[in-house]
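For what it's worth, my numbering labels the leading residue of the sequence shown as 56, then goes sequentially.
The block underneath contains the structure these notes are about, expressed in structure tokens.
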Amino acid sequence: MSQKEVRVRIAPSPTGDPHVGTAYVALFNYAFARRHGGKFILRIEDTDRARSTTASEEAIIRALRWLGLDWDEGPDKGGPHGPYRQSERGTIYREHAEMLIERGHAYRCFCTPERLAELRGEQQKAKASKMGYDGKCRSLSPEEADERGRGGESFTVRLKMPQEGETVLLDGLRGEIRIPNEQSDDQVLLKSDGMPTYHLANVVDDHLMGISHVIRAEEWISSAPKHLRLYEAFGWEPATFLHLPLLRNNDKNKSKISKRRNPVSLDYYRDTGIIPEAMVNFLALMGWSYGEDQEKFSLEQMVERFDLKEGSVSLSGPVFDLDKLSWLNGLYMRELSDEGLVDALMGWRVNRDYLLRLAPLVRDRIQRFDEFLPLISYCFSGDIDYTPVAALLLPKKRKGGETGKMLERLLDKLDAMPAFEVSAMEETFRLFCEGEEWSTREVFMTVRVGLTGRKASPGLFETMEVIGRELTRRRLRLAANFLKQYKG
């Protein structure tokens, strides 16, 4: 390992729920930094202005803190290399893009979105061996490009990629990786609105923030030639790259983990009662071994032994096995004292704040206190067995397959909702029913049974809001899978 100061970062995009993949990569960065006495930095990559939200950023920070992965520098802490939100660093990126143009390593591209769409269509129709930008504006003289830019013509800035040969990536986990340059087109660095793409912002920030080791998922290997080309164009020494294996679903194809197969939001695991230490332990086992056939260990124990070098991480693709996570969580729970267990339950959902949210749902439906918990028991449970309620889950004159697919389409609509609130949900549901030609009666009943396992329950949308987006998503996904296989 290089003797330079160890500085690593996690750079999530605040465009959705806090992802287990983000936590997995964050953990390995955190452990590496702590093992070598270095710094762990949180940087928010929020240049996607259409999708980035403050709520998502707050959720990411909350989830990482829940896991105990604290950082040394970040948007909430400051530091010597701020600001730590990319949306606040626009001037820096524009200056560096202009620097590349002046040096002849980048150029202004005036191709319109319509022209690019037409190009993609032609390449697809011709089944071209290489898809992507054709370099039309690469040959423009600097004088012509400057004149068109000054004239107000809209443009992006593209990186001049080598068109022959290969890029050699020296990966700290995988050794030498050779990637033909013909696989890369001239990447956009600066969009027409002046905002950077991931590639420019990533490399500029990593250099200016002194990042020594870029520890990220293997899906970024294909982008490495562009990043190494940027380091070269700026005249900077590149960071050491280490690409971790992707988390995989526990299916026959070992597909990349996705919300269609597994819950991917950290909020889901918190809300279903996973102990944070157990989740950290579980994520640590994703490709790394503590040794001595020991599977249960603390974050501190991990840091004491942790290192990243060739052969230290299994690259075959760690399986995100929910059964193993539950087993591991059980080990941690059995270590709790009676008092510790009660404290943990109160910190989870058995507390005054959560009961206050449930009270309006059932207050007018009960006559005695002993009726309260049975009425809302599904608000404290996990997965539901749909076999006993299959007849209720399936609307009359509908088939299981079509109903399951309907739920999947509805889930896509729910996933796209920025706020999981009663009024927004009701509007989304009603618009969905109109567009799908499913009656509200059919959809509402299927969702109600899928969510609660019952025909009768308090208000559907109020119940969904209290249960939360993640548990709602999980149950409706399971209900959809059940229905697609149901033969009744």
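The beta-carbon is built from N, C-alpha and C at its ideal position, and this holds for glycine as well.
Would you mind sorting residue i into buried or exposed? The rule is 16 or more other CB atoms within 10 Å of its CB.
i, result
"P251", "buried"
"P443", "exposed"
"D183", "Looking at the sequence provided, one finds Ala at residue 183 rather than Asp. By the 10 Å Cβ count, A183 comes out exposed."
"N257", "buried"
"L486", "exposed"
"V368", "buried"
"A511", "exposed"
"F537", "buried"
"G508", "buried"
"W493", "buried"
"D348", "exposed"
"P67", "buried"
"M216", "buried"
"R524", "buried"
Tell me whether residue i sits in a helix, a strand or coil according to DSSP, three-state version.
i, result
"L214", "strand"
"R140", "strand"
"S184", "coil"
"R418", "helix"
"C164", "strand"
"V269", "strand"
"S57", "Legend: pLDDT at S57 = 45, less than 50; position of this residue unreliable, no value from coordinates given."
"E274", "helix"
"S381", "helix"
"E128", "strand"
"V319", "coil"
"V368", "coil"
"P443", "helix"
"P300", "coil"
"T295", "strand"
"P450", "coil"
"K309", "coil"
Let me check understanding here. Comparing Cα to Cα, which of the options lies closest to residue i?
i, options, result
"G385", "P331, V368, L370", "P331"
"K132", "E287, I116, L383, L416", "I116"
"G328", "P300, A399, A294, L244", "A399"
"R453", "R496, I232, T507", "R496"
"R229", "R271, Y188, L97", "R271"
"R98", "R104, P73, W126, V75", "W126"
"V374", "R149, T108, L428, D306", "D306"
"R89", "R104, F424, L124", "L124"
"D240", "L225, G227, R213, H262", "R213"
"G207", "D419, L283, Y324, F165", "F165"
Could you check the C-alpha separation between residue i and residue j for me, to the nearest Å?
i, j, result
"V335", "L82", "7 Å"
"D326", "D260", "34 Å"
"E60", "Q356", "23 Å"
"G137", "G129", "8 Å"
"L391", "M401", "14 Å"
"E153", "K246", "13 Å"
"L195", "L244", "17 Å"
"L171", "R193", "14 Å"
"T222", "P235", "6 Å"
"S57", "F87", "Because the pLDDT at S57 is just 45, under 50, the model does not fix this residue reliably, and the value given afterwards should be weighed accordingly. About 13 Å."
"R315", "Y286", "37 Å"
"V521", "Y162", "52 Å"
"L122", "W403", "14 Å"
"L465", "Q238", "37 Å"
"E100", "Q141", "5 Å"
Based on the DSSP secondary-structure assignment, which residues constitute the bridge partners of residue i?
i, result
"I65", "L97"
"E491", "DSSP, once it has assigned bridges, lists no residue as partnering E491."
"V223", "R233"
"K281", "According to DSSP, K281 bridges with nothing at all."
"T458", "DSSP lists no partner for T458."
"K539", "DSSP output for K539 lists no bridge partner at all."
"H74", "S320"
"G346", "Paired residues: none, contrary to the question."
Step through the CB atoms of chain C and report whether any lies within less than 9 Å of the CB of residue i.
i, result
"P300", "In the structure shown, chain C does not exist; there is a single protein chain."
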